[in-house]
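**Student:**
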Amino acid sequence: MKTVKPEVSRRQFLKTSGAASLMCSLVPGLAVAADSSVIRRTIPSSGERLSVIGLGTSRTFDVDSDNVVTSPLMEVMQAFFDNDGQLIDSSPMYGSAEAVTGALVKQAKNRQRFFSATKVWTNGKGKGIEQMERSMQRLGVEQIDLMQIHNLRDWKTHIDTLVDWKAEGRIRYIGITTSSGRYHDELEEILLQLPLDFVQFSYNILNRTVEQRLLPIAWEKSIATLINRPYQRGSLFRRVKGKPLPAWTAEFDCASWGQFFLKFIAAHPAVTCIIPATSKLNHMVDNMAAGYGRLPDEPTRQRMIRLFETL
Ligand SMILES: NC(=O)c1ccc[n+]([C@@H]2O[C@H](COP(=O)([O-])OP(=O)(O)OC[C@H]3O[C@@H](n4cnc5c(N)ncnc54)[C@H](OP(=O)(O)O)[C@@H]3O)[C@@H](O)[C@H]2O)c1
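Our numbering puts the first residue of the sequence shown at 27, with every later residue one more than the last.
#1: Are Gly152 and Val146 touching if we call contact CB-CB under 8 angstroms?
#2: Among the candidates Lys267, Pro295, Ala296 and His294, whose CA atom is the shortest distance from the CA of Lys282?
#3: Rounded to a whole number of angstroms, what is the C-alpha to C-alpha distance between Arg234 and Pro256?
#4: Measure from the alpha carbon of Asp279 to the alpha carbon of each residue in Met314, Arg265, Leu76 and Glu246, then state which is nearest.
#5: At a cut-off of 7 angstroms, would you count Gly207 as near ligand 1, judging by its Cβ distance to the nearest heavy atom?
#6: Can you have a look at Pro325 and say buried or exposed, based on whether 16 or more other CB atoms are within 10 angstroms of its CB?
#7: Closest to Trp181 by CA distance: which of Arg198, Val225, Gln169 and Arg164 is it?
#8: Return the chain-ordered ranges of every alpha helix (DSSP H) run that is complete within the region 220-272 and spans a minimum of 4 residues.
#9: Roughly how far, in whole angstroms, is the beta-carbon of Gln112 from the beta-carbon of Phe141, given that I think they are within contact range, below 8 angstroms?
#10: Out of Gly260, Phe287, Pro302 and Gln258, which one is the CA nearest neighbour of Leu271?
#11: Around the Cβ of Asn308, are there at least 16 other Cβ atoms within 10 angstroms (buried) or fewer (exposed)?
#12: Report the three-state DSSP secondary structure of Val146 (helix, strand or coil).
#13: When you compare the region 297-305 with the region 80-93, are there three or more beta-carbon pairs, one atom per stretch, that lie closer than 8 angstroms?
#14: By DSSP, does Ser77 sit in helix, in strand, or in coil?
#15: Compute the Euclidean distance between the alpha carbons of Asp186 and Ile65, then round it to the nearest angstrom.
#16: Is the CB-CB distance between Leu165 and Thr204 below 8 angstroms?
#17: Thinking C-alpha only, which one of Glu237, Glu159 and Arg198 is nearest Gly207?
#18: Given this structure, state the Cα-to-Cα distance separating Ala57 from Asp312, to the nearest angstrom.
#19: Roughly how many angstroms lie between the CA atoms of Arg198 and Leu220, to the nearest whole one?
#20: Does the beta-carbon distance from Leu222 to Ile249 come in below 8 angstroms?
#21: Mark Trp274 as exposed unless 16 or more other C-beta atoms lie within 10 angstroms of its C-beta, in which case mark it buried.
#22: Between the alpha carbons of Phe290 and Leu76, how many angstroms are there, rounded?
#23: Would you mind sorting Ala276 into buried or exposed? The rule is 16 or more other CB atoms within 10 Å of its CB.
#24: Going by DSSP in three states, Thr298 sits in which element: helix, strand or coil?
This is how it looks when you write it as C-alpha cells:
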C-alpha cells in the first residue's frame with residue numbers, strides 16, 4: 027500500500043511552532059488514504075516539487091569512473107530513477123564521485139527529472155570558479171541545479187559568485203552545507219543573512235540537534251532542507267542488527283529498519299529531501315520505498331524514538 031503525505035501548510039506549522047518546541051508542532055494524523063505516487067516536497071523559493079528521497083555519493087561513488095557503467099553501480103543508479111528519484115548530491119571533495127555520477131546518469135533510462143546538486147569546496151574566487159566549471163564537466167551538465175558551499179568553506183567569497191551564476195542561469199539554486207554541530211551557530215547566522223534556496227545538515231533518529239534551531243529557522247526563512255547522514259554513516263544499522271521490526275510500524279507502511287529511519291526524518295514538515303548513500307541495489311530499493319506510502323504522525327515519531335532508545 028502506497029500513500030502520499032499531504033504537506034503541512036506553512037501557516038499551520040508556523041502557528042504551532044516555536045524554536046524550542048518544534049517537535050510538538052508536528053501535526054498528528056499525517057497518514058492518509060492509499061496512493062501510489064512518490065512523496066514530493068516543495069522547494070519554497072520556486073514552488074518546484076522534489077522527491078523526498080534523494081541520493082548521496084560520498085565514499086559509495088568514489089570508484090574508478092572508467093568502466094563504471096558496466097559495474098553494479100549502474101543498476102543502483104537505474105533503480106534510483108525507476109523509483110522516481112531526482113536529487114543526487116556530490117562534491118569535488120568526494121574523489122571521483124562527480125565523474126562517476128555523470129557517467130551513470132548519462133547511461134540511465136528515466137533520467138529526465140535528474141536534479142544535480144554539488145558543492146564548491148576550496149578557497150578563493152578564481153579557484154572556486156575553476157572548480158565549479160570542472161564539476162559541470164564531470165557531471166555532464168550545462169547547468170547545475172543546486173550549487174552548495176561545502177562545509178561553509180570561504181562562504182563570504184563564494185556567495186557573490188553563486189549569486190552571479192544564478193542570475194546568469196549557470197546554476198538554479200544556491201545552498202550551503204555542514205555535517206558538524208560545531209558550525210551550527212555560524213550556519214544559523216548565515217541562514218539569516220544570505221539569499222539561500224537550500225541548506226544541508228545532518229539529522230537522524232539519533233542526532234536530532236537540528237530540531238531545536240536549524241529546522242525551524244529554515245522553515246521560517248522558506249529555505250529548503252537537504253538531510254545528510256540519515257543513517258549516521260550506516261552506524262544506525264549496527265544498533266538494530268538482529269532486532270525485529272515491531273508490527274506497529276506497518277501502520278506507516280514501513281517494512282525495514284532503513285525505511286524506519288528515513289520515514290522518521292521524512293515526516294518532519296521542514297524536511298525537503300533526504301540523501302542516503304548506498305552502493306548496493308537492494309539498499310537502494312529499500313531506501314526508495316521510504317518515499318512512498320504513509321508517514322508516521324508525531325505521537326508515532328515519539329514512539330519510534332522511545333523504541334530506538336531501548337535497543
Ligand atoms: N558536509 C556535507 O556537505 C556532507 C557531509 C556528510 C554527508 N553529506 C552527503 O550526505 C550523504 C549521506 O551521508 P553519508 O554517506 O555520510 O551517510 P549515510 O547515508 O547516513 O550512510 C551511508 C551508509 O549506509 C549504508 N546504507 C545505505 N542504505 C542502506 C540500507 N537500506 N540498509 C543498510 N545499509 C544502508 C551504506 O552502505 P551500502 O553501500 O552497503 O549500502 C553506507 O555505508 C553523503 O553521501 C553526501 O552526499 C554531505
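In this text, a Cβ means the ideal position worked out from N, Cα and C, and glycines have one as well.
**Tutor:** Looking at the coordinates:
#1: Along the sequence shown, one-based indexing puts residue 152 at 126. Along the sequence shown, one-based indexing puts residue 146 at 120. Result no, Cβ atoms of Gly152 and Val146 do not sit closer than 8 angstroms.
#2: Position 256 of the sequence shown, counted from the start, is the residue given in the question as residue 282. First, the amino acid is wrong: residue 282 is Ser here, not Lys. Out of Lys267, Pro295, Ala296 and His294, Lys267 has the C-alpha closest to the C-alpha of Ser282.
#3: On the sequence shown, position 208 is the one that residue 234 refers to. On the sequence shown, position 230 is the one that residue 256 refers to. Distance between the alpha carbons of Arg234 and Pro256 is about 11 angstroms.
#4: Walking along the sequence shown from the start, residue 279 turns up at place 253. Of the listed residues, the one whose Cα sits closest to Asp279 is Met314.
#5: Along the sequence shown, read from residue 1 onward, the residue named residue 207 stands at position 181. No, the Cβ of Gly207 stays beyond 7 angstroms of every heavy atom of ligand 1.
#6: In the sequence shown, counting from the first residue as 1, residue 325 sits at position 299. Exposed, by the Cβ-count rule.
#7: As a position in the sequence shown, residue 181 is number 155, starting the count at 1. Closest by alpha carbon: Val225.
#8: 240-246 and 261-266
#9: Taking the sequence shown and counting its residues from 1, the one referred to as residue 112 is at position 86. Taking the sequence shown and counting its residues from 1, the one referred to as residue 141 is at position 115. Going by Cβ atoms, the distance from Gln112 to Phe141 rounds to 4 angstroms, so yes, they are a contact pair.
#10: Walking along the sequence shown from the start, residue 271 turns up at place 245. Looking only at Gly260, Phe287, Pro302 and Gln258, the smallest Cα-Cα distance to Leu271 is reached by Phe287.
#11: The residue given as residue 308 occupies position 282 in the sequence shown. By the C-beta density criterion, Asn308 is exposed, having fewer than 16 other C-beta atoms within 10 angstroms.
#12: Taking the sequence shown and counting its residues from 1, the one referred to as residue 146 is at position 120. Reduced to three states, the DSSP call for Val146 is strand.
#13: yes
#14: Position 51 of the sequence shown, counted from the start, is the residue given in the question as residue 77. It is a strand residue.
#15: Position 160 of the sequence shown holds residue 186. Position 39 of the sequence shown holds residue 65. Between Asp186 and Ile65, the C-alpha separation is close to 34 angstroms.
#16: Taking the first residue of the sequence shown as 1, we reach residue 165 at position 139. Taking the first residue of the sequence shown as 1, we reach residue 204 at position 178. One thing to note: Leu165 has its Cβ no nearer than 8 angstroms to the Cβ of Thr204.
#17: For the purposes of this step, residue 207 is taken as the residue at position 181 of the sequence shown. With distances taken between Cα atoms, Gly207 lies closest to Glu237.
#18: What you label residue 57 is simply residue 31 of the sequence shown in a count that begins at 1. What you label residue 312 is simply residue 286 of the sequence shown in a count that begins at 1. At Ala57 the pLDDT is 38, less than 50, meaning the model places this residue with poor confidence and gives no usable figure here.
#19: Looking up residue 198 in the sequence shown gives position 172. Looking up residue 220 in the sequence shown gives position 194. Their backbone Cα atoms lie some 16 angstroms apart in a straight line.
#20: Looking up residue 222 in the sequence shown gives position 196. Looking up residue 249 in the sequence shown gives position 223. For Leu222 and Ile249, yes; Cβs fall inside 8 angstroms.
#21: Residue numbering aside, residue 274 sits at position 248 when the sequence shown is read from its first letter. With fewer than 16 other Cβ atoms within 10 Å, it is exposed.
#22: Residue 290 sits at position 264 when you count from the first residue of the sequence shown. Residue 76 sits at position 50 when you count from the first residue of the sequence shown. Rounded to whole angstroms, Phe290 to Leu76 spans 18 angstroms at the Cα level.
#23: If you number the sequence shown from 1, residue 276 lands on position 250. Exposed: under 16 other Cβ atoms inside 10 Å.
#24: Working through the sequence shown from its first residue, we reach residue 298 at position 272. Coil.
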